[in-house]
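**Student:** Sharing a structure below in structure tokens format, with a few things to ask.
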């Protein structure tokens, strides 16, 4: 059975629990897919995952739209039934965002602006960023203007920015280091921007030119003295070098050697670096 046929069967099954349907319709993340391989190719994984998403979005456009509309809720209630419908609706929106651009742009923009809860608003933003829709910059700016004084709410925004599939995502992340809501003294902001980029955007972090590794080296150099505990957690994606091809391993090893040469290197970082280089 083709994946599209399996998805169609789930979408047309009126007896299935909406929350379960949403779980089935959610593709595994790039990191989850990577665990299936001895040698990880992050670029290939990202490309194939997006191609599959676009194929399903095209083949099941009518079904996704029908289920999306059928699960509309005019009020926000916290109960199992509504949570399931909301989750299924947002799973469908994720695919609709990769469909016909004009319709996708309209659906995503409307859901964001009509949302009466953060779950639906963030689902719309996430879809806009993942599919790189024309509305994404405007919606992200509206969110920033509304929530910039609430750090925990902005963490979600920083994660979306740092995990974007945009080619210039590293440039964006560097720029956000100066954002009014970001601080290198706040562990949550650090994890949401720097940690999410390194750990949850493998295609960008493992860019063939090594730019992602160098960025993390810069950040860890700063954090080594500022907050070594946070630094020791952020280094995790870099110390898994043996899971990658020789060229990436060489660049990751060079980055680790650079960090190992720091004066006053924290004990936590030293232990992880030396173990990775062994």
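Residue numbers (the numbering used here): 1023 to 1300. All C-beta atoms, glycine included, are put in the ideal place defined by N, C-alpha and C. This one's a predicted model, so the numbers in the text were calculated from it and none came from an experiment.
1) Do three or more CB pairs link the region 1059-1074 to the region 1131-1142 at distances below 8 Å?
2) Could you name the residues of the same chain whose beta carbon sits closer than 6 Å to that of residue 1093, not counting the 5 residues immediately before and after it, in chain order?
3) In chain order, what residues of the same chain have a beta carbon less than 6 Å from the beta carbon of residue 1116, not counting five sequence neighbours either side?
4) Quick check on DSSP: helix, strand or coil for residue 1062?
5) Here's a check: name, in chain order, each residue in its chain whose Cβ is nearer than 6 Å to the Cβ of residue 1120, leaving out the five neighbours to either side.
6) If I measure Cβ to Cβ from residue 1288 and keep anything under 6 Å in the same chain, skipping five residues before and after, which residues do I get?
7) From residue 1144 to residue 1293, what distance separates their C-alpha atoms?
8) Looking at residue 1225 and residue 1184, is the spacing between their C-beta atoms short of 9 Å?
9) Determine which residues share a DSSP beta bridge with residue 1266 and list them.
10) Identify the continuous alpha helix (DSSP H) that holds residue 1102 and give its terminal residues.
11) Could you tell me the distance, in whole angstroms, from the CA atom of residue 1171 to the CA atom of residue 1207?
12) Where do the ends of the alpha helix (DSSP H) carrying residue 1134 lie?
13) Quick one: what does DSSP say residue 1197 is sitting in, helix, strand or coil?
14) Residue 1047 and residue 1059: beta carbons closer than 9 Å?
**Tutor:** Judging by the given coordinates:
1) no
2) 1107, 1110 and 1111
3) 1149
4) strand
5) 1075, 1076, 1079 and 1153
6) 1246 and 1250
7) 38 Å
8) no
9) 1062
10) 1102-1118
11) 16 Å
12) 1123-1136
13) helix
14) no
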